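S.K.:
Residue numbers (this note's numbering), protein chains in the order written: chain A, 1 to 393; chain B, 1001 to 1209.
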């Protein structure tokens, strides 16, 4: 393994990406991807919180969702906003950084410092664009496993994540069962449904229909498919909410006007909101990366190798699981979590399953949900006791 | 081994009896675990790997928040998902009479577990018989506290009824314990005939093979 930096402090030299720290694996240590391509060099940008204990048994890996990043509990360098899960991860929070060492890494294929389509292709000296190989959830997990190993951690105390992050949690438990003491897949599924693939395809087509996408070569032509990416985000954002959440938040309220305008301005508040969500997204996300990461989710199917019998994927697992779903989540409905639980039960695995009553749709896992906090706290405390972790580091 | 006096003094006596029957280090599945009282007792006193199934989502969420391994599920429909002999003990305490298909539930329990422990209120108890005989009304007793229109109990049986069913299923009764209305041991297995009249509750340990 070719480590150039090993967990440099965040005050150390600034990398070219500006997303330090970054773990680098050189040309002599390629990552063999599921598509058959060897990816090198490989850079993984990550953040850590808390202290690793002496026997390195208190590490929790947080896996981020489709448009998430490694800034789980620290200020985002582009948007300046607090970490996307700072309600969950921090001192005294359910994922207590005064007790656990928390790692969160930008996924391979992402655009916040890890190797992805915006990275320089060593063969051409130009950004990869569409010459970047198609990656899978398994590839993301293999890349994270390298990071974890480079940090000297043999077994993760817990792997936690929602949505695409939950897919990574399941993949971790499947690929590295002995390295995962406990696992919390939240608002996720063991395979991506036809409806979800359909929504992703709408988003991808919106990006590709933007003339500024330039067949994926926009970075070399100094253009950016912002309109297409914004539309993709708008369409996706609807799927993260729920009918009742939209109704409650916006109803048919008009935006900055008394009457409908008989035109195509953003008459309704909900339109204005979506336009804002789309516009804000393009500042922090790369269009090609969006194509690659949605594809990775589409390809995810943990049961495929076993003739669609998911239980076979978890046979003999010793990992403790806590599966969480939300009542109003129609993107990853409870029925899909139940499939996971049923498969784990069939393996006699140690599993807890909580369905949380919420009107907030899929996004509930990112929001202030006291029952989610209580679930995580209770599960992690019990797991820590089984693992023999003491309070404090 | 941790000993929790609060659990010992405040808890249900029949659950303590069940806990005492579990070999330390076992894998245990508690079907219909409610608020997790037995699971907490087992965790605190028996050093076992125990899980629960509970039908009410509220009960499940509360249990998980306390660090118990509980899933939402229904004894009637979800036991089929569990692997054969995946557990050392499968426990069904005071729930059999509320299942839609008790025989199927018992069959699944002896398949999943090396042992099945089942406790239920005895409908053959003299108090029940007297109530019907003297008042001509559905019995309301300390162990059967519900009025007929609000009871969750749809498949009540006597100790003899349960014994007959076990026999017809080819299931071995390894232990039988008669309990009084507080759940305390009142008779031992050689008196199963008398127990049908005198015991308010019953506890069976079954083995399927």
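C-beta: ideal position from N, C-alpha, C; glycine also. These figures come from a predicted structure and were not determined experimentally.
#1: Express the C-alpha separation of residue 1025 of chain B and residue 381 of chain A in angstroms, rounding to a whole number.
#2: Does the Cβ of residue 316 of chain A have 16 or more other Cβ atoms within 10 Å, making it buried, or fewer, making it exposed?
#3: Residues of chain A with CB closer than 9 Å to the CB of residue 1129 of chain B, please, in chain order.
#4: Looking at the unbroken alpha helix (DSSP H) that takes in residue 1067 of chain B, where does it start and where does it end?
#5: To be precise: take each residue of the segment 180-208 of chain A, compare its Cβ to all Cβ atoms of chain B, and keep it if any distance is under 9 Å. Which residues remain?
#6: Within the chosen definition, does the segment 128-137 of chain A reach the segment 217-234 of chain A through at least 3 CB pairs nearer than 8 Å?
#7: Measuring only between beta-carbons, confirm whether residue 1113 of chain B sits less than 8 Å from chain A.
#8: Alpha carbon to alpha carbon, what distance is there between residue 65 of chain A and residue 123 of chain A?
#9: Is it the case that the Cβ atoms of residue 361 of chain A and residue 329 of chain A are separated by a distance below 8 Å?
#10: Should the segment 1173-1184 of chain B be called in touch with the segment 1198-1208 of chain B, which here means at least 3 C-beta pairs below 8 Å?
#11: Taking all protein chains shown into account, decide if residue 96 of chain A is buried (16 or more other Cβ within 10 angstroms of its Cβ) or exposed.
#12: Rank B:1124, B:1077, B:1086 and B:1081 by C-alpha distance to the C-alpha of residue 1103 of chain B and give the top, closest one.
#13: Could you pull the DSSP bridge partners for residue 1201 of chain B from this structure?
#14: Using a Cβ-Cβ cut-off of 7 Å (strictly less than) and excluding sequence neighbours within five positions of residue 1001 of chain B, which residues of its own chain qualify?
#15: Please classify residue 33 of chain A: does DSSP put it in a helix, a strand, or coil?
#16: Would you report the Cα separation of residue 212 of chain A and residue 1070 of chain B, rounded to the nearest angstrom?
#17: From the DSSP output, in three-state form, read off residue 61 of chain A for me.
#18: Does the segment 258-277 of chain A come close enough to the segment 139-153 of chain A that 3 or more CB-CB pairs lie under 8 Å?
#19: Report back the beta-carbon spacing between residue 321 of chain A and residue 351 of chain A to the nearest angstrom; my notes put them in contact at under 8 Å.
#20: When the Cα atoms are used, what is the spatial distance from residue 238 of chain A to residue 94 of chain A?
#21: Give the C-beta separation of residue 1062 of chain B and residue 1032 of chain B to the nearest angstrom, bearing in mind that I take them to be a contact with Cβ-Cβ under 8 Å.
#22: At which residue ranges does the segment 50-115 of chain A contain complete beta strand (DSSP E) runs of 3 or more residues, listed in the order of the chain?
#23: If you compare alpha carbons, which of A:44, A:75, A:385 and A:299 is closest to residue 22 of chain A?
#24: Tell me whether residue 1006 of chain B is buried or exposed, calling it buried when 16 or more other Cβ atoms sit within 10 Å of its Cβ.
#25: Within a Cβ cutoff of 7 Å, which residues of the same chain sit near residue 303 of chain A, ignoring the five residues on either side of it in sequence?
#26: Specify the secondary structure class of residue 178 of chain A as computed by DSSP and reduced to three states.
#27: DSSP three-state call for residue 1138 of chain B: helix, strand or coil?
#28: Might you give, ordered along the chain, the residues of its own chain that have their beta carbon closer than 6 Å to the beta carbon of residue 73 of chain A, omitting 5 neighbours on each side?
#29: Under 8 Å by Cβ, that's how I've got residue 199 of chain A and residue 236 of chain A pegged, so tell me the actual separation to the nearest angstrom.
#30: Could you check if residue 120 of chain A is buried or exposed, using at least 16 other CB atoms within 10 Å of its CB as the buried criterion?
#31: Between residue 1004 of chain B and residue 1039 of chain B, what straight-line distance do the alpha-carbon atoms span, to the nearest angstrom?
#32: Taking all protein chains shown into account, do 16 or more other C-beta atoms lie within 10 angstroms of the C-beta of residue 1068 of chain B, making it buried, or fewer, making it exposed?
#33: Just confirm the distance between the C-beta atoms of residue 324 of chain A and residue 356 of chain A, as a whole number of angstroms; I'd bet it's less than 8 Å.
#34: For residue 48 of chain A, which residues does DSSP report across the bridge?
#35: Looking only at its own chain, which residues have a Cβ that is under 6 Å from the Cβ of residue 393 of chain A, when we skip the five neighbours before and after it?
#36: Would you mind sorting residue 1117 of chain B into buried or exposed? The rule is 16 or more other CB atoms within 10 Å of its CB.
M.R.: In terms of the structure at hand:
#1: 21 Å
#2: exposed
#3: By Cβ distance, chain A contributes nothing, its closest Cβ being about 41 Å from residue 1129 of chain B, past 9 Å.
#4: Premise fails: residue 1067 of chain B is in no alpha helix (DSSP H) and is neither H nor E.
#5: none
#6: yes
#7: no
#8: 30 Å
#9: yes
#10: yes
#11: buried
#12: B:1077
#13: B:1121 and B:1179
#14: Bear in mind that a pLDDT of 30 at residue 1001 of chain B, under 50, signals an unreliable position, so the number given afterwards is only what the model happens to contain. Contacts found: 1045 and 1047.
#15: coil
#16: 52 Å
#17: strand
#18: no
#19: 4 Å
#20: 28 Å
#21: Contact doesn't hold; Cβ gap of about 15 Å is too wide.
#22: 59-63 and 101-105
#23: A:44
#24: Note that residue 1006 of chain B has pLDDT 36, beneath the 50 cutoff, so the model's placement of it is unreliable and no number is given.
#25: 190, 191, 309, 310 and 313
#26: helix
#27: coil
#28: 49, 83, 86, 89 and 90
#29: 7 Å
#30: exposed
#31: Low confidence applies to residue 1004 of chain B: its pLDDT is 37, below 50, so where it sits in the model is not reliable enough to give any reading.
#32: buried
#33: 7 Å
#34: A:103
#35: Residue confidence for residue 393 of chain A is low, a pLDDT of 49 falling below 50, so the modelled location carries little weight and cannot support an answer.
#36: buried
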